[in-house]
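The structure appears right after this line, and notes come after that.
Numbering (my numbering), first residue to last: 1 to 447.
Structure representation (structure tokens):
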């Protein structure tokens, strides 16, 4: 016996009604009754006639039955919510089961397990080792249709070519297979049955349309531009004709000349917009903007967004547009942080820019560095509401606030110790090793 809606054989008893056993489908939640015995001919005839009427009045739905499953090698490829929605748009069936494979104890995966769990993923842990996640994903994926009999469609997400065998095996089982992998800034989804490829751009956070759709959009833009230009030309022609008609009237032209029309309405040449062609010009422009803002209001902090807006006003391009055009860094913020002329400090949800020669911290001795790290650690512990944090978070936050990495400061202080060794030498810090990862805490609140 199978569920009349999804044809699943996974169900359990759910009470009785009028002496007949009722069942509840575990897959789709449909309640149905046990079939009527053949011996009850009258009841059978009545039911058959009613079923025939209902079939004629309400024909069977043409919606495909089954579910889609997503298998992802989380160590190899990353999907955010937007890309998941893109895969759901491609899928012919609802994407109900998502399974991620990885060694969740590594530092790179330590934060992603909670994120994926909140998004409804089943997390399967594998031991440390090369291709360990690949092997587990192939082992479970090759028999996924046994654990989920209603499976009709599978998304296999990984950049490794080894999963080609898994795609072929499941395709031979009659399943619809999508091979998902990343190329540069795009996510490629290959439909193994139709040999069609759908793309998603991470840079624009949007699906990449087909060539036909691109040509259609381009044609619409050209037609709109042509119509707009034609309309403006018609208006200009009408104004020219009216002006010529006005000049034909001597009295009216004489009246206009009394007001010295040409002198009053002389066209003022528009200042040409400057263009930045190099990294040095961009850095000099940023320095000029910072100094101008400080001269106007010395107490006001100069944020990265403020500088980007000023560049837009003066040069016609924002900071991000200039950086991308010159191919300097992926973003304007990363360009500022990588430059030796500037330092950045957190200012709420954004960063403020400081000229290095204006406000550069003085590193007198190791005690100064210890106090600075202790202050940052207290702030991070208060934000995270935890008793300890990863030492890399402490190092990264120090670089954000002071513009220099801890390794550079240790060299300036002529300390040959590593950052970990320096923390271990300070009495105010307590170092703990958890799963091969070092964490730092405050040794004593009184210190």
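Glycine included, every Cβ here is placed at the ideal spot set by N, Cα and C.
Residue 301 to residue 352 span [Cα, whole Å]:
Just so you know, the alpha carbons of residue 301 and residue 352 end up roughly 6 Å apart.
Out of 416, 130, 1 and 138, state which residue places its alpha-carbon closest to the alpha-carbon of residue 99.
Comparing Cα-Cα distances from residue 99 to each of 416, 130, 1 and 138, the minimum goes to 138.
Mapping the DSSP letters down to three states, classify residue 73 as helix, strand or coil.
DSSP, reduced to helix, strand and coil, places residue 73 within a strand of the structure shown.
Tell me which residues share the same chain as residue 22 and place their Cβ nearer than 8 Å to its Cβ, disregarding the 5 neighbours each side in the sequence.
Only 13, 14, 15, 16, 31, 32, 33 and 34 meet the Cβ criterion.
Report the three-state DSSP secondary structure of residue 466 (helix, strand or coil).
Within the shown structure, residues of the chain are numbered from 1 to 447, placing residue 466 beyond reach of any answer.
Length-filtered (3 minimum) beta strand (DSSP E) runs lying within the region 100-139
Taking only runs of at least 3 residues, the beta strand (DSSP E) segments lying wholly in the region 100-139 are 122-125.
What separation, rounded to the nearest whole angstrom, lies between the Cα atoms of residue 345 and residue 439?
Those two C-alpha atoms are separated by around 24 Å.
List, from N- to C-terminal side, the beta strand (DSSP E) runs of 3 residues or more that fit wholly inside the region 213-242.
Complete beta strand (DSSP E) runs here, min 3: none at all.
How is residue 83 classed by DSSP in three states: helix, strand or coil?
In the three-state DSSP reduction, residue 83 falls in the helix class (H, G or I).
Which residue spans inside the region 352-434 form an unbroken beta strand (DSSP E) run of at least 3?
Counting only runs of 3 or more, we get 429-434.
Residue 6 burial status per 10 Å Cβ neighbour count (16 or more: buried):
Burial call: buried.
Can you tell me which of the three DSSP states residue 275 falls into?
Looking at residue 275 - three-state DSSP - the assignment turns out to be coil, as it is neither helix nor strand.
Could you spell out where the alpha helix (DSSP H) holding residue 319 opens and where it closes?
In the DSSP annotation of this structure, the continuous segment of the alpha helix (DSSP H) that includes residue 319 starts and ends at 319-326.
For the alpha helix (DSSP H) containing residue 478, name the first residue and the last one.
There is no way to answer for residue 478, as the model of the chain reaches only from 1 to 447.
Inter-residue Cα distance where the pair is residue 209 and residue 190
Residue 209 and residue 190: Cα-Cα distance of roughly 15 Å.
With three or more beta-carbon pairs closer than 8 Å as the criterion, would you say the region 149-157 touches the region 116-133?
The region 149-157 makes no contact with the region 116-133: fewer than 3 CB pairs, one atom from each, lie closer than 8 Å.
Can you check which of these residues, 237, 74, 202 and 109, is closest to residue 86 by C-alpha distance?
Measuring from the Cα of residue 86, the nearest candidate turns out to be 202.
Checking 8 Å against the spacing of the C-beta atoms, do residue 282 and residue 276 come in under that value?
Closer than 8 Å, so yes.
Are residue 422 and residue 404 touching if we call contact CB-CB under 8 Å?
For residue 422 and residue 404, no; Cβs fall outside 8 Å.
Specify the secondary structure class of residue 202 as computed by DSSP and reduced to three states.
The answer is coil: DSSP assigns residue 202 none of H, G, I, E or B.
Identify every run of the alpha helix (DSSP H) within the region 163-198, keeping only runs that are complete inside it and at least 4 residues long; order them along the chain.
As far as the region 163-198 is concerned, its whole alpha helix (DSSP H) runs of at least 4 residues are 164-172.
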